[in-house]
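Q: Numbering of the sequence shown is given in the working numbering, commencing with residue 1200 and proceeding in unit increments.
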Amino acid sequence: MIEKLICIACPMGCHLEVDVEDDYRVEGNQCNRGVLYAKKELTNPTRIVTSTVVIKGGIYRRLPVKTNGEVSKKLIFKVMEEINKVEVSSPIKCGDVIIKNVLNTNIDVVASRSM
Ligand code: SF4
């Protein structure tokens, strides 16, 4: 079975064709990162999660946050639920940990700006 993907590992956006039954053999990639991306995307896709949390005393009402690593796509909605429970107070510095080890992933949710 051939899967078609667009590599997002760099702005080139190579159009990949992946033969799943042939050990994820990849064509259309211009470098090896495309091979690594294709296999990961088809076996255990992961993403950085970005969102906002409520902040008290800031210049805006919500603070941008993101995970400091990629989490499994299967966990994205659960991570969002955890983020939605949080309320912080100013001052917050960019990089401050907002949720430590979210859902036992060894990944933190951190502030992506100071406020
Ligand atoms: S295969 Fe390589 S060159 Fe092509 S988009 Fe992916 S990282 Fe960029």
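Just so it is clear, CB atoms sit at the ideal spot from N, CA and C, and this is done for glycine as well.
1. Counting C-beta neighbours from all protein chains within 10 Å, is the total for V1296 16 or more, i.e. buried, or is it exposed?
2. In the DSSP assignment, find the beta strand (DSSP E) that holds I1254 and state where it starts and stops.
3. Leaving out five residues on either side along the sequence, give the residues of the same chain with a beta carbon under 8 Å from the beta carbon of K1203.
4. How would you write the range of the alpha helix (DSSP H) that E1220 sits in, first residue to last?
5. Closer than 5 Å between the C-beta and any heavy atom of the ligand SF4: which residues qualify, listed along the chain?
6. Just the C-alpha distance for N1243 and N1231, rounded to the nearest angstrom, thanks.
7. Apply the 10 Å Cβ neighbour rule to E1240 and answer buried if 16 or more other Cβ atoms are within range, or exposed otherwise.
8. Under three-state DSSP, which class holds E1202?
A: If we stick to the structure as given:
1. Locating residue 1296 in the sequence shown gives position 97, counting from the first residue. With fewer than 16 other Cβ atoms within 10 Å, it is exposed.
2. Sequence index remark: in the sequence shown, residue 1254 carries index 55 (1-based). In the DSSP assignment, I1254 falls within the unbroken beta strand (DSSP E) covering 1249 to 1255.
3. What you label residue 1203 is simply residue 4 of the sequence shown in a count that begins at 1. Cβ neighbours of K1203 beyond the five flanking positions: H1214, L1215, E1216, V1217.
4. Residue numbering aside, residue 1220 sits at position 21 when the sequence shown is read from its first letter. Counting along the chain, E1220 falls outside any alpha helix (DSSP H), and DSSP gives it neither H nor E.
5. This criterion selects C1206, A1208, C1209, M1211, C1213, N1228, Q1229, C1230, R1232, G1233.
6. As a working mapping, residue 1243 is identified with position 44 in the sequence shown. As a working mapping, residue 1231 is identified with position 32 in the sequence shown. If you take the alpha carbons of N1243 and N1231, they lie about 18 Å apart.
7. If you number the sequence shown from 1, residue 1240 lands on position 41. By the 10 Å Cβ count, E1240 comes out buried.
8. Counting from one through the sequence shown, the residue named residue 1202 turns up at place 3. In the structure shown, E1202 adopts extended strand secondary structure according to DSSP, grouped into three states.
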